[in-house]
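Enquirer: In terms of this note's numbering, the sequence shown opens at residue 910 and continues consecutively.
A virtual CB, placed ideally from N, CA and C, is assigned to each residue, including glycine.
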Amino acid sequence: MGKQDGTGRQVTASPVDDLTAHLLHVDMDAFFASVELLEHPELVGKPVIVGHPSARSVVTAATYEARKFGVNSAMPMAVALRRCPHAVVLEPHYDRYTHYSAIVMGLFRDVTPLVEVLGIDEAFLDVAGARRLMGTPWQIGTRIRERVFAETGLRCSVGAAATKYVAKLASSRAKPDGLLVVPESDTLAFLHPQPISALWGVGAKTAEKLDRLGLRTVGDVASIPIEALTRAIGPAMAAHFHALSWGRDPRVVVTEHTEKSIGHERTFETNISNVAELEKEMLRLANAVGVRLRRAGVQARTIALKLRFDDFSTISRSRTLGEPTDLGRRIYEEARSLYAESGRSGEPIRLLGVRGEQLTGRVADLALWDDDGDWREAEHAVDAIAAKFGRALVRPATLLGDDPERRMPMRGEPT
910 MGKQDGTGRQ VTASPVDDLT AHLLHVDMDA FFASVELLEH PELVGKPVIV GHPSARSVVT
970 AATYEARKFG VNSAMPMAVA LRRCPHAVVL EPHYDRYTHY SAIVMGLFRD VTPLVEVLGI
1030 DEAFLDVAGA RRLMGTPWQI GTRIRERVFA ETGLRCSVGA AATKYVAKLA SSRAKPDGLL
1090 VVPESDTLAF LHPQPISALW GVGAKTAEKL DRLGLRTVGD VASIPIEALT RAIGPAMAAH
1150 FHALSWGRDP RVVVTEHTEK SIGHERTFET NISNVAELEK EMLRLANAVG VRLRRAGVQA
1210 RTIALKLRFD DFSTISRSRT LGEPTDLGRR IYEEARSLYA ESGRSGEPIR LLGVRGEQLT
1270 GRVADLALWD DDGDWREAEH AVDAIAAKFG RALVRPATLL GDDPERRMPM RGEPT
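So this is what it looks like as structure tokens:
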């Protein structure tokens, strides 16, 4: 949705006296990179990449100056530095991002209680109830941008529309540091010239299928008979894209957020092909996932394993359990089994991830026979010790003597 480097930017520069665009999507501009620049003002206006400096790591974030060289988040650091060799690389500081995110979300809630947080740096706001006190959506969006900058030094972009889909698309078009209001009456005029990629859910394969039909804009999708679209991509996707192409999106702002998954992954400094060593890392990740599940008071019904190989090809495998779990040992056993069944055992691995999915509330009713009773007791005892003395004091025997310096930090792990 929109150019990552800010080209093709659209903004509503003058006040718009419209009340229909009451759904706002507010997105912080290059959030991680912008937070880092607060500590390095001398780098403002220069290409900056946030990430670990190792060539085996990936880009966490990049300034717009770096994006103009083709640098994007999740790109291998080695590729990013080839594209922009003069970029400055800064280590990420997740505690800072959390701090500023809390401030920003608090500012949003000063405007309206109807705030749907989408992540650490973006949210939907329904400002219909704030219009009498604060004015039009254009005025509210302008005030939000000014206050965010005044209180944090960070910039954000705002899209305002009658639906969530169009509001999010508008904020992406307004980047960086812009406001774009799309009145309900202008929805189709705004949508139909947009490229196919602007349709939420269109990936590379779907784009190829649509291109073969001669569909290159959202307007093209709107004009084609839905029967032809159904034959090409199936009934569910056809109905979804056809509705979006006509600006139809019935979703409302939902203030309650339920985390859908909890996971950890690690990129290795050197590829790991030894199965025993890989299983050791798998145990570490599984234990970290278990700790976070227990802290959140939830359990996972599905365990997922992610493997990225030396050629950057990636596979994911998952299994739904008979009973949900929050135990690291159970997560590890399932992940190890998924690895063994992957058919890729022994191949060099550059990234490993373990995740708990389909989260459910705390298990109040354990099965009559708890097969994990011993492990449950042991891990809860570890939690109690960690709460008092720190988690580094006790860990599985398999991990004793492990040298953390030889590995890169886990995603989400303090650096």
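What are the start and end residues of the beta strand (DSSP E) that includes proline 1134?
Expert: It is not in any beta strand (DSSP E) - proline 1134 carries neither H nor E in the DSSP assignment.
Enquirer: Which residue's Cα is closest to the Cα of arginine 918: Leu952, Leu1078, His934 and Gly1015?
Expert: Minimum Cα distance to arginine 918 is reached at Leu1078.
Enquirer: Applying the criterion that 16 or more other CB atoms from any shown protein chain within 10 Å of the CB defines a buried residue, is histidine 1008 buried or exposed?
Expert: Exposed.
Enquirer: Would you check if there are 3 or more beta carbon pairs closer than 8 Å linking the segment 918-932 to the segment 1135-1148?
Expert: Taking 8 Å as the limit for Cβ pairs, the verdict is that the segment 1135-1148 does not touch the segment 918-932.
Enquirer: Could you give the uninterrupted runs of the alpha helix (DSSP H) lying entirely in the segment 1167-1247, keeping only those of 4 residues or more?
Expert: Taking only runs of at least 4 residues, the alpha helix (DSSP H) segments lying wholly in the segment 1167-1247 are 1184-1205.
Enquirer: Expressed to the nearest angstrom, what Euclidean distance is found between the alpha-carbon atoms of arginine 1157 and tryptophan 1047?
Expert: Their backbone Cα atoms lie some 22 Å apart in a straight line.
Enquirer: Helix or strand or just coil, what does DSSP make of alanine 1113?
Expert: Of the three classes helix, strand and coil, the one that applies to alanine 1113 here is helix, per DSSP.
Enquirer: Starting from valine 959, follow the beta strand (DSSP E) in both directions and report where the run begins and ends.
Expert: Per DSSP, valine 959 belongs to the beta strand (DSSP E) from 957-959.
Enquirer: In the DSSP assignment, find the alpha helix (DSSP H) that holds glutamate 1250 and state where it starts and stops.
Expert: No alpha helix (DSSP H) holds glutamate 1250; DSSP gives it neither H nor E.
Enquirer: Going by DSSP, name the residue or residues bridged to glycine 1262.
Expert: Glu1174 and Lys1215.
Enquirer: Spatial neighbours of aspartate 1086 within its chain, please: C-beta separation below 7 Å, excluding the five flanking residues on both sides.
Expert: Excluding positions up to five away in sequence, the list reads Asp938, Arg1064 and Ser1066.
Enquirer: Are alanine 970 and cysteine 993 close, meaning C-beta to C-beta below 8 Å?
Expert: Against a cut-off of 8 Å, the Cβ pair of cysteine 993 and alanine 970 comes out as no contact.
Enquirer: Flag this pair as yes or no: are the beta carbons of aspartate 1235 and glutamine 1208 separated by less than 8 Å?
Expert: The answer is yes: Cβ separation under 8 Å.
Enquirer: Quick check for students: name the residue ranges of the alpha helix (DSSP H) that lie wholly in the segment 989-1041, counting only runs of 4 or more.
Expert: Counting whole runs of 4 or more residues, the segment 989-1041 contains the alpha helix (DSSP H) stretches 1003-1020.
Enquirer: Under the DSSP definition of a beta bridge, which residues are partnered with histidine 934?
Expert: DSSP, once it has assigned bridges, lists Phe1033 and Gly1068 as partnering histidine 934.
Enquirer: Starting from leucine 1089, follow the alpha helix (DSSP H) in both directions and report where the run begins and ends.
Expert: From DSSP, leucine 1089 is part of no alpha helix (DSSP H) but of the beta strand (DSSP E) over 1088-1090.
Enquirer: Using a C-beta cutoff of 8 Å, does proline 962 count as contacting chain B?
Expert: Annotation note: the requested chain B is absent from the structure, which comprises a single protein chain.
Enquirer: Judging by CA-CA distance, which residue of Val967, Ala996 and Gly1262 is the nearest neighbour of valine 953?
Expert: If we check each option's Cα against that of valine 953, Ala996 comes out closest.
Enquirer: In terms of alpha-carbon separation, which member of Thr1179, Asn1180 and Leu1214 lies closest to leucine 1192?
Expert: Closest option to leucine 1192, Cα to Cα, is Leu1214.
Enquirer: Return the first residue and the last residue of the alpha helix (DSSP H) that proline 1046 is part of.
Expert: Unbroken alpha helix (DSSP H) run through proline 1046: 1046-1061.
Enquirer: Once you ignore the five residues that flank glycine 1128 on each side, which residues in its own chain have a CB closer than 6 Å to its CB?
Expert: Answer for glycine 1128: His1101, listed in chain order.
Enquirer: Near alanine 1147, what residues of its chain come up, given a Cβ to Cβ distance below 8 Å and the 5 sequence neighbours on each side ignored?
Expert: So the list reads Ile1135, Leu1138, Thr1139 and Ala1141, once near-sequence residues are dropped.
Enquirer: Apart from the five residues just before and just after isoleucine 1032, which ones in its own chain have a Cβ nearer than 7 Å to its Cβ?
Expert: Per the sequence shown, the amino acid found at residue 1032 is alanine instead of isoleucine. The residues are Val935, Met1014, Phe1017, Val1024, Glu1025 and Val1026.
Enquirer: Put alanine 922 into one of helix, strand or coil per three-state DSSP.
Expert: Looking at alanine 922 - three-state DSSP - the assignment turns out to be coil, as it is neither helix nor strand.
Enquirer: Buried or exposed: where does phenylalanine 1221 fall if 16 or more other Cβ atoms within 10 Å of its Cβ makes it buried?
Expert: Phenylalanine 1221 is exposed by the Cβ-count criterion.
Enquirer: In chain order, what residues of the same chain have a beta carbon less than 8 Å from the beta carbon of asparagine 1180, not counting five sequence neighbours either side?
Expert: If we look at asparagine 1180 and ignore the five residues flanking it on each side, its Cβ neighbours are Asp1219, Pro1257, Ile1258 and Arg1259.
Enquirer: Might you give, ordered along the chain, the residues of its own chain that have their beta carbon closer than 7 Å to the beta carbon of arginine 1054, omitting 5 neighbours on each side?
Expert: Around arginine 1054: Cys1065, Val1067 and Leu1088.
Enquirer: So for valine 1075, helix, strand or coil by DSSP?
Expert: Helix, per DSSP.
Enquirer: Going by DSSP, what residue range makes up the alpha helix (DSSP H) through phenylalanine 1150?
Expert: Start and end: 1144-1154.
Enquirer: Between the C-alpha atoms of isoleucine 1171 and serine 923, what's the straight-line distance to the nearest angstrom?
Expert: One C-alpha to the other measures close to 43 Å.
Enquirer: Opposite threonine 1126 in the DSSP bridges: which residues?
Expert: Note: threonine 1126 sits in a beta bridge opposite Pro1104.
Enquirer: Considering only their Cβ atoms, is the gap separating alanine 1205 from isoleucine 1240 smaller than 8 Å?
Expert: No; because the gap between Cβ atoms is not below 8 Å, this pair is not in contact.
Enquirer: Tell me whether the beta-carbon of alanine 942 lies closer than 8 Å to the beta-carbon of valine 959.
Expert: Yes; because the gap between Cβ atoms is below 8 Å, this pair is in contact.
Enquirer: What does the alpha-carbon distance come out to for the pair glycine 1265 and serine 1094?
Expert: Going from the Cα of glycine 1265 to the Cα of serine 1094 covers about 44 Å.
Enquirer: Please report the straight-line C-alpha distance between glutamate 1000 and glutamate 1060, rounded to a whole angstrom.
Expert: Straight-line Cα distance between these residues: approximately 24 Å.
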